[in-house]
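The numbering of the sequence shown is our numbering, which starts it at 864 and goes up by one. The beta-carbon is built from N, C-alpha and C at its ideal position, and this holds for glycine as well. Quick caveat: nothing in here was measured; it's all calculated off a predicted structure. Below: the structure, in structure tokens.
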Amino acid sequence: MSDISQAPGAKPETTDFSNVGRTAWWRRGFFASQTAYVAAALIVIMIVMSLLSSAFLSPGNLANVAKNFSFVGIVTLGVTFVIVTGGIDLSVGSTMALAAITCAIVMQAVSGTAIDTISLVGMIVSLGAGLGVALLIGLVNGLLIARIGLSPFVTTLGMLSIVRGLAYAVTEGRGQAPTGPDVDLFYGLTDGNIAGIPVAVIYLLVLAAIMGVVLHHTAFGRHVFALGGNEKAAALTGVAVERVKVAVYILSALSAGFAGILMVGWLGSAPANLATGYELTIIAAAVIGGANLTGGVGGPAGAVIGALLIEVIRNGLVLAGINAYWQIVLVGGIIILAVLVDRMRTMRMTP
864 MSDISQAPGA
874 KPETTDFSNV
884 GRTAWWRRGF
894 FASQTAYVAA
904 ALIVIMIVMS
914 LLSSAFLSPG
924 NLANVAKNFS
934 FVGIVTLGVT
944 FVIVTGGIDL
954 SVGSTMALAA
964 ITCAIVMQAV
974 SGTAIDTISL
984 VGMIVSLGAG
994 LGVALLIGLV
1004 NGLLIARIGL
1014 SPFVTTLGML
1024 SIVRGLAYAV
1034 TEGRGQAPTG
1044 PDVDLFYGLT
1054 DGNIAGIPVA
1064 VIYLLVLAAI
1074 MGVVLHHTAF
1084 GRHVFALGGN
1094 EKAAALTGVA
1104 VERVKVAVYI
1114 LSALSAGFAG
1124 ILMVGWLGSA
1134 PANLATGYEL
1144 TIIAAAVIGG
1154 ANLTGGVGGP
1164 AGAVIGALLI
1174 EVIRNGLVLA
1184 GINAYWQIVL
1194 VGGIIILAVL
1204 VDRMRTMRMT
1214 P
């Protein structure tokens, strides 16, 4: 039998297992996510666009890209909350329109009244009315889905039609322009610039940072992910399922209402057809950014990057003189491609 004793003072032999279970850096954390792939694709596309068109990097074009993608990005943040829980919100485009119209109409109504004689009150009331309408839409969606158990797809599709119809009925198809003594301040808050950066971009970045903290560092965020992972298991662990569902639909509607009001400042009025068809673009941005329609996956970085990618491609088509109708085809193709890439990535990383 061999002698396995060691000499006095000798260090015991050890086996190094440091390489066991280790994966390459590009297959861990953020770098293994769909968001990272999309970010890399965005950088490549921006480089190609700048080489193909000198106008792409012009200050005016970059400002337009920043504003356009910010409106979509803000709503995408809210919709991502819903998608993470395994739901869907198709009513956001209509909510943007009705919230914007409500804000403009209330500004017109209080103009010249006693309310408007007090500085800022008229504008605050108008903003509150627009966001209040959005909140009400989100509350109705949430209650119908969470408490009554209706399908999110069917419920929000019906709400899309109801809210858009109300927007046309209230305005009779005519655009509504904001007015009053605070209108210049309103335009400054919605379409101004800070250090050359559009305020819409600043709002988007601030909201994205807040969303990141909420999702990853609060109990509410953990409950949102729990619902998307397994709703029944979440309920058994004490998660207030109904309350969380209602909350995410309210957040989605409020983000839409806020973006709609910002668009009033950008356009100078609130047309009844504002944000028509934005639902597809917003959901596409969320999915492209990594949000999984089955729930449990999503975040602010993906929402922002997805929205920016769509806008950069759209802008590139415009600069290339390609028919705008092809944008719709492109968005649909990007959605399918994003889902396909995510599926292939998941299959490759699954042992």
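Query raised in the report: Any idea what DSSP makes of ILE981, helix, strand or coil?
Result: coil
Query - Continuous alpha helix (DSSP H) stretch holding GLU1035: start and end - result: Careful: GLU1035 lies outside any alpha helix (DSSP H) and carries neither H nor E.
Requested in this report: Would you tell me roughly how many angstroms separate the C-alpha atoms of TRP889 and TYR900, rounded to the nearest one?
Outcome: Legend: pLDDT at TRP889 = 48, less than 50; position of this residue unreliable, value from coordinates given subsequently. When the Cα atoms are used, TRP889 and TYR900 turn out to be separated by approximately 11 Å.
Requested in this report: Would you list the residues sitting across from ASN1155 in a DSSP beta bridge?
Outcome: Answer is none; ASN1155 lacks a bridge partner.
Query raised in the report: Would you say the segment 1121–1133 touches the segment 1032–1048, given that touching needs at least three Cβ pairs under 8 Å?
Result: yes
**Report entry** CB contact flag (VAL969, GLU1142, <8 Å)
**Finding:** No, these two residues do not count as a Cβ contact at 8 Å.
Query raised in the report: Exposed or buried, which one is LEU920 when buried takes at least 16 other CB atoms within 10 Å?
Result: It counts as exposed.
Query raised in the report: Is the CB-CB distance between LEU1137 and ALA997 below 8 Å?
Result: no
Query raised in the report: With respect to the alpha helix (DSSP H) encompassing TYR1066, which residues constitute its N-terminal and C-terminal limits?
Result: 1062–1080
Requested in this report: Return the bridge partner residues of ALA1133 from the DSSP annotation.
Outcome: GLN1039
Requested in this report: Give the C-beta separation of GLY1229 and PRO1163 to the nearest angstrom, bearing in mind that I take them to be a contact with Cβ-Cβ under 8 Å.
Outcome: In the structure displayed, the chain extends from 864 to 1214; residue 1229 sits before or after that span and is not available.
Query - Chain-order list of residues whose beta-carbon lies under 8 Å from that of LYS1108 (same chain, five-residue window excluded) - result: Around LYS1108: THR948, GLY950, GLY1005, ILE1008, ALA1009 and LEU1090.
Query raised in the report: Which residues share a DSSP beta bridge with ILE908?
Result: BP columns for ILE908 are empty, so no partner.
Query raised in the report: Is the beta carbon of ALA1148 less than 8 Å from the beta carbon of THR965?
Result: no
Requested in this report: On a CA-only basis, which of LEU1002, ALA929 and LEU1078 is nearest TYR1066? Give me that one, please.
Outcome: Distances from the alpha-carbon of TYR1066 to those of LEU1002, ALA929 and LEU1078 put ALA929 closest.
Query - Integer Cβ distance of GLY1153 from SER933, believed to fall under 8 Å - result: With a Cβ gap of about 19 Å, GLY1153 and SER933 do not count as contacting.
Requested in this report: Note down the Cα distance separating ALA967 from LEU1023, rounded to an integer number of angstroms.
Outcome: 20 Å
Query - SER1014, enclosing alpha helix (DSSP H) - first and last residue - result: Element bounds for SER1014: n/a, residue is neither H nor E.
Report task. Label MET864 either buried or exposed according to how many other C-beta atoms from any shown protein chain fall within 10 Å of its C-beta, with 16 as the threshold for buried. Result -> Confidence in MET864 is poor, its pLDDT being 47 and thus under 50, which makes the residue's placement unreliable; the coordinate value appears in the next sentence. MET864 should be labelled exposed.
Requested in this report: Answer with buried or exposed for LEU961, where buried requires no fewer than 16 other C-beta atoms within 10 angstroms of its C-beta.
Outcome: buried
Query raised in the report: From this set, VAL945, VAL907 and VAL935, which residue's C-alpha is nearest ARG1106's C-alpha?
Result: VAL945
Query raised in the report: Which residues share a DSSP beta bridge with ILE1057?
Result: ILE1060
**Report entry** 8 Å contact criterion, which ALA1170 and GLY936 should meet: CB distance rounded
**Finding:** 4 Å
**Report entry** Outcome for THR1019 when other beta-carbon atoms lying within 10 angstroms are tallied against a minimum of 16
**Finding:** buried
**Report entry** Nearest-angstrom beta carbon gap, VAL1175 and MET909 [assumed within contact, 8 Å]
**Finding:** 6 Å
Query raised in the report: Three-state secondary structure (DSSP) at ILE1113?
Result: helix
Query raised in the report: What is the C-beta distance between GLY1036 and GLY1092, in whole angstroms, given that I count them as a contact (C-beta under 8 Å)?
Result: The Cβ separation is near 45 Å, so there is no contact.
**Report entry** Enclosing alpha helix (DSSP H) for ILE946 [first to last residue]
**Finding:** Note, ILE946: alpha helix (DSSP H), 922–947.
Query raised in the report: Mapping DSSP to helix, strand and coil, what is PRO1163?
Result: Reduced to three states, the DSSP call for PRO1163 is helix.
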